[in-house]
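Asker:
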Amino acid sequence: MNKKTNFFSRIDENIAALILVCIFVDVALQVISRVTPGNAIFWTVEVGEMLLAALIWMAVGPATLKNSHVRFDLILLKMPPKARKYLYIFGNIIFAVFLVLIAVFLVQLMNFYKNNNTVTTGLQWNKFYVRIPMLLGCFIGVIRLLFQAWQFGTGRLPLPIDEAFSSSESKGDA
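According to this note's numbering, the stretch in the sequence shown is residues -11 to 162, in order.
See the structure below:
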């Protein structure tokens, strides 16, 4: 049961790993097809672009988990610990609201694509389906950001800046 729970709790990382494998295969196909004369596969560039965009959006959740998204740590270091906590929570909520806004506009764009049958250039795929990873990335990112803000607020997760600051101080004392 634990492996199943861990798989679903890291679904975005698992999807990103699968996308990375697909990118590798796509690039390999592209190189092989261009090396052999007269056999260039036209759709590999288009698929590569779609996969790269999907990988970027699947990285929102893991970046949140690893605190790799943008924060103003130099400013936060100057704040008292209680203010830091509230600023981290506020920052996560603002980022989640931003992702919700992106998702709302994305749904409108996807409806436009669906209604007008807007397709990609080479493969003639409806762009509605090409944008699904963006929507999924926004959804997972919002969940992760709000859950992390809740963990910061309840003290179940230490602030990353406090952890980094305390570990650098302990290294200096040794």
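Built from N, CA and C at the ideal position, the CB exists for glycine as well.
Go ahead and pull the three-state DSSP assignment for N114.
Answerer: Taking the first residue of the sequence shown as 1, we reach residue 114 at position 126. Three-state result, N114: strand.
Asker: Can you tell me whether N27 is buried or exposed? The criterion is at least 16 other CB atoms within 10 Å of its CB, across all chains shown.
Answerer: Translated into the one-based positions of the sequence shown, residue 27 becomes position 39. Under this definition N27 is an exposed residue.
Asker: Rounded to the nearest angstrom, what separates E1 and N104 at their Cα positions?
Answerer: Residue numbering aside, residue 1 sits at position 13 when the sequence shown is read from its first letter. Residue numbering aside, residue 104 sits at position 116 when the sequence shown is read from its first letter. Looking at the two C-alpha atoms, the distance is approximately 33 Å.
Asker: Does the Cβ of Q136 have 16 or more other Cβ atoms within 10 Å, making it buried, or fewer, making it exposed?
Answerer: Here residue 136 refers to the residue found at position 148 of the sequence shown. With 16 or more Cβ atoms within 10 Å of its Cβ, Q136 is classed as buried.
Asker: Quick one: residues in its chain with C-beta nearer than 7 Å to the C-beta of K115, no 5 flanking neighbours on either side, listed in chain order?
Answerer: Position 127 of the sequence shown holds residue 115. For K115, the CB contacts under 7 Å within the same chain, skipping 5 residues up- and downstream, are Y101, T106, V107 and T108 in chain order.
Asker: When the distance is taken between beta carbons, is N80 closer than 7 Å to L133?
Answerer: Counted from its first residue, the sequence shown places residue 133 at position 145. Counted from its first residue, the sequence shown places residue 80 at position 92. It is a contact, given that the beta carbons lie within the stated cut-off.
Asker: If we count the other Cβ atoms within 10 Å of its Cβ and call it buried at 16 or more, is G142 buried or exposed?
Answerer: Counting from 1 along the sequence shown, the entry for residue 142 is found at position 154. Looking at the sequence provided, one finds Thr at residue 142 rather than Gly. Flag for T142 reads exposed.
Asker: For I3 and I77, what's the separation of their Cα atoms in angstroms?
Answerer: Counted from its first residue, the sequence shown places residue 3 at position 15. Counted from its first residue, the sequence shown places residue 77 at position 89. Each residue's Cα considered, the two are about 27 Å apart.
Asker: For I11, collect the residues of the same chain with a Cβ closer than 6 Å to its Cβ; drop the 5 residues on either side in sequence, then sort them by chain order.
Answerer: Sequence index remark: in the sequence shown, residue 11 carries index 23 (1-based). Same-chain partners within the cutoff: L39.
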